[in-house]
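Q:
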Amino acid sequence: MATYRTGGCTVVELRGEMDIAAALDTAPHLDRATATAEPRLVIDLSPVTFLDASGLSLLCRVHRRVHAQGGRLALVCDRPGLLRILGITGLDHRFRPVPTLAEALRRHGARA
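When the letters of the sequence shown are read in order and numbered with the numbering used here, they come out as residues 90 to 201.
#1: How would you call P117, buried or exposed, if buried means at least 16 neighbouring beta carbons within 10 angstroms?
#2: Distance, Cα to Cα, R195 vs L103?
#3: Quick check: the Cα distance between M90 and L175, rounded to an integer number of angstroms?
#4: Which residues in the same chain as V155 place their Cβ atom closer than 6 Å to its Cβ, once the five residues preceding and following it in sequence are excluded?
#5: Report, in whole angstroms, the separation of the C-beta atoms of V151 and L171, which I expect to be a contact under 8 Å.
#6: Of all the beta strand (DSSP E) runs that stay within the bounds of the segment 106-176, which reach a length of 3 or more residues?
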């Protein structure tokens, strides 16, 4: 996992398998990223190879926290398998994933 700031946004790049162990390790980092008022957060799933219910639950938690703080969340996902999971669960409508980081940053009014 990598976290960095660009264009006024916090980008969290998740990597590898997002299973229960990874979700437990990642949750504190995402909690910090969503602790500010009106967070502008991008979660990049491009390097993620596997996503289970724990990973989906973590994404939903982040979504709730960001919106409770009056912030904005963008999700980067270009992997067909992950997009299918988001579609089957109906979460594609909640997250409206985009295929590139540049597009996610534009959604937040930032530059890549």
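C-beta atoms are modelled at their ideal positions from N, C-alpha and C, and glycine is treated no differently.
No experiment lies behind these values; they were computed from the predicted model shown.
A: Based on what the coordinates show:
#1: exposed
#2: In a straight line, the C-alpha of R195 is about 20 Å away from that of L103.
#3: 21 Å
#4: T123, P128, L130 and L162
#5: No, V151 and L171 are not in contact; Cβ-Cβ is about 16 Å, not under 8 Å.
#6: You should have 129-133, 137-140 and 161-165.
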